[in-house]
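Chemist: Just passing along the structure, written as structure tokens.
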Amino acid sequence: MTRVEAAEDEVVELASELIRIDTTNTGDPETVTGEREAAAFVAAKLSEVGYEVEVVESGAPRRENVVCRLKGADPERGALLVHGHLDVVPADPTEWSVHPFSGAVQDGYVWGRGAVDMKDMVAMTIAVARRFKRDGVVPPRDIVFAFVADEEAGGKYGAQWLVQHRPDLFEGCTEAVGEVGGFSLTVGEDERVYLIEAAEKGIAWMRLRARGRPGHGSFLHDDNAVTKVAEAVARLGNHTFPMVVTDTVRAFIERMRELTGLEFPEEDLEGALRKLGPLSRIIGATVRDTANPTMLSAGYKANVIPSSAEAVVDCRVLPGREEAFLREVDELIGPDVEREWVTHLPAVETPFEADITDAMLAALREEDPTAHTVPYMLSGGTDAKSFAELGMRCYGFAPLRLPPDLDFASLFHGIDERVPVDALKFGTRVLDRFLRSC
Numbered sequence: 004m005t006r007v008e009a010a011e012d013e014v015v016e017l018a019s020e021l022i023r024i025d026t027t028n029t030g031d032p033e034t035v036t037g038e039r040e041a042a043a044f045v046a047a048k049l050s051e052v053g054y055e056v057e058v059v060e061s062g063a064p065r066r067e068n069v070v071c072r073l074k075g076a077d078p079e080r081g082a083l084l085v086h087g088h089l090d091v092v093p094a095d096p097t098e099w100s101v102h103p104f105s106g107a108v109q110d111g112y113v114w115g116r117g118a119v120d121m122k123d124m125v126a127m128t129i130a131v132a133r134r135f136k137r138d139g140v141v142p143p144r145d146i147v148f149a150f151v152a153d154e155e156a157g158g159k160y161g162a163q164w165l166v167q168h169r170p171d172l173f174e175g176c177t178e179a180v181g182e183v184g185g186f187s188l189t190v191g192e193d194e195r196v197y198l199i200e201a202a203e204k205g206i207a208w209m210r211l212r213a214r215g216r217p218g219h220g221s222f223l224h225d226d227n228a229v230t231k232v233a234e235a236v237a238r239l240g241n242h243t244f245p246m247v248v249t250d251t252v253r254a255f256i257e258r259m260r261e262l263t264g265l266e267f268p269e270e271d272l273e274g275a276l277r278k279l280g281p282l283s284r285i286i287g288a289t290v291r292d293t294a295n296p297t298m299l300s301a302g303y304k305a306n307v308i309p310s311s312a313e314a315v316v317d318c319r320v321l322p323g324r325e326e327a328f329l330r331e332v333d334e335l336i337g338p339d340v341e342r343e344w345v346t347h348l349p350a351v352e353t354p355f356e357a358d359i360t361d362a363m364l365a366a367l368r369e370e371d372p373t374a375h376t377v378p379y380m381l382s383g384g385t386d387a388k389s390f391a392e393l394g395m396r397c398y399g400f401a402p403l404r405l406p407p408d409l410d411f412a413s414l415f416h417g418i419d420e421r422v423p424v425d426a427l428k429f430g431t432r433v434l435d436r437f438l439r440s441c
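Note that this note's numbering has the sequence shown beginning at 4, numbered continuously upward.
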């Protein structure tokens, strides 16, 4: 058995064990579970092979993060951060084929909440980090490994807190890799494109609040807070923001045109993007800002008109669009509705042409000679938003070679989330090569 094969064998069990630790993040610090247990698990696995691990509680009880550093051959080079989050979104066991926290290994997959978001990458990172330490591998530069809390609620008690209070942990880091990228899309009979995240939309979750005159539900009433907020939400939710093709999306389109022969005319860009199948749900959301109402709250009794009403809207904003986006929002909601931030994190966009992306492609091609890499923008958000504040150039690279018929996009936060065993082993080999060469 080769050194890398030992890491491959380990990665499946690591992923399964991580999934069995229920790290559900509800967004309410009082009901969050498992992050401390998961951090202890990771710290033990790294300490076991000789890493000096720092476990950091980040601003609230039980919100723990694990950070360690592997020294590289050239201390003068900028260090590389490899990061992953330990928390997951909730899952209802009654909706699943297997229990979401079973970590079941069956039918060629590892099943459970977090299998693709993102305990797969965490497991691959631990497996490779352990292999490097056991075998005395010295990478070209320092590598900082970080396993953090609270990403699924914006990172307040994870990456954000660490960046604000413990930037020393990331001293010298000039680049970072994490989720969501490196997964394959089959474009020919046996040819694959691996999407590398080079940008992501900003997160602007906002609360809308209207106030009015309270009163009896049976009276005539022309100052109703519920009506005001409902009308504002309807206008905002039904609005189509203008199409904007950013540098990253344009690079994606041009590269996909070269590789597939498909045309992506701007007069029907969204229609053309639908040709990409399930992936179009992600890519299609990166040519416009979005504002999706997600929560409504008002009143306490059927016959009482309340004095206030609230709504929460999940807004995702393209790079360079925030000022124009907020002007549009204010025009739509009108002067009678206030808005305030629930979570506000900026968009991130990183140039794709770089030595690090060349190293990604080289590592992929050692395992898949047909591999091509293409930059893309993520419609969601990751901890890259926080680490970019320290000046790091951030990419999503969690390499997975996927079956051509797997609807991978639907597995993120979806029912029956799972990752192919073969893809985990492939990703471990690629990550090993990448970190030894970048």
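C-beta atoms are modelled at their ideal positions from N, C-alpha and C, and glycine is treated no differently. None of these values were measured; they are calculated from a predicted model.
In three-state DSSP terms, what is residue 311?
Modeler: In the structure shown, residue 311 sits in a strand (DSSP, three-state: E or B).
Chemist: Is the CB-CB distance between residue 181 and residue 87 below 8 angstroms?
Modeler: It is a contact, given that the beta carbons lie within the stated cut-off.
Chemist: Rounding to the nearest angstrom, what Cα-Cα distance links residue 170 and residue 140 in this structure?
Modeler: Going by the C-alpha atoms only, they are around 26 angstroms apart.
Chemist: Taking the beta carbon of residue 76 as the centre, do at least 16 other beta carbons fall within 10 Å, making it buried, or is it exposed?
Modeler: Classification of residue 76: exposed, given that the 10 Å Cβ count is below 16.
Chemist: Which same chain residues, not among the five before or five after residue 162, have their C-beta less than 6 angstroms away from its C-beta?
Modeler: 151, 386 and 389.
Chemist: For a test of the three-state rule: what should DSSP assign to residue 374, helix, strand or coil?
Modeler: Correct three-state label for residue 374: coil.
Chemist: What are the start and end residues of the alpha helix (DSSP H) that includes residue 325?
Modeler: That run of the alpha helix (DSSP H) goes 325 to 336.
Chemist: With distances taken from CA atoms, which of 112, 339, 317 and 375 is nearest residue 226?
Modeler: Comparing Cα positions, the closest option is 339.
Chemist: To the nearest angstrom, how far is it from the Cα of residue 67 to the Cα of residue 312?
Modeler: When rounded, the distance between both Cα atoms is 36 angstroms.
Chemist: Is the region 91 to 104 in contact with the region 394 to 404, if contact means three or more CB pairs nearer than 8 angstroms?
Modeler: No contact exists between the region 91 to 104 and the region 394 to 404.
Chemist: Could you tell me the distance, in whole angstroms, from the CA atom of residue 18 to the CA atom of residue 121?
Modeler: When rounded, the distance between both Cα atoms is 10 angstroms.
Chemist: How about the region 204 to 211 and the region 321 to 328: do they share at least three Cβ pairs that are nearer than 8 angstroms?
Modeler: Yes, the region 204 to 211 is in contact with the region 321 to 328.
Chemist: Taking all protein chains shown into account, decide if residue 298 is buried (16 or more other Cβ within 10 angstroms of its Cβ) or exposed.
Modeler: Under this definition residue 298 is an exposed residue.
Chemist: In angstroms with no decimal places, state the Cα-to-Cα distance between residue 3 and residue 285.
Modeler: In the structure as shown, the chain starts at 4 and stops at 441, and residue 3 therefore has no counterpart that could be examined.
Chemist: Count the other CB atoms within 10 Å of the CB of residue 243; is the residue buried (16 or more) or exposed (fewer)?
Modeler: Exposed.
Chemist: Report the three-state DSSP secondary structure of residue 56 (helix, strand or coil).
Modeler: Coil.
Chemist: Could you spell out where the alpha helix (DSSP H) holding residue 113 opens and where it closes?
Modeler: From DSSP, residue 113 is part of no alpha helix (DSSP H) but of the beta strand (DSSP E) over 112 to 114.
Chemist: Could you check where the beta strand (DSSP E) with residue 186 kicks off and where it finishes?
Modeler: Taken as a continuous stretch (DSSP letters only), the beta strand (DSSP E) holding residue 186 covers 186 to 189.
Chemist: Residue 118 and residue 420 look like a contact to me (Cβ under 8 angstroms); what is the Cβ gap, rounded to whole Å?
Modeler: Correct: roughly 5 angstroms between the Cβ atoms.
Chemist: Pick from 230, 194, 376 and 412: whose alpha carbon is nearest that of residue 185?
Modeler: Residue 185 has its Cα closest to that of 376, out of 230, 194, 376 and 412.
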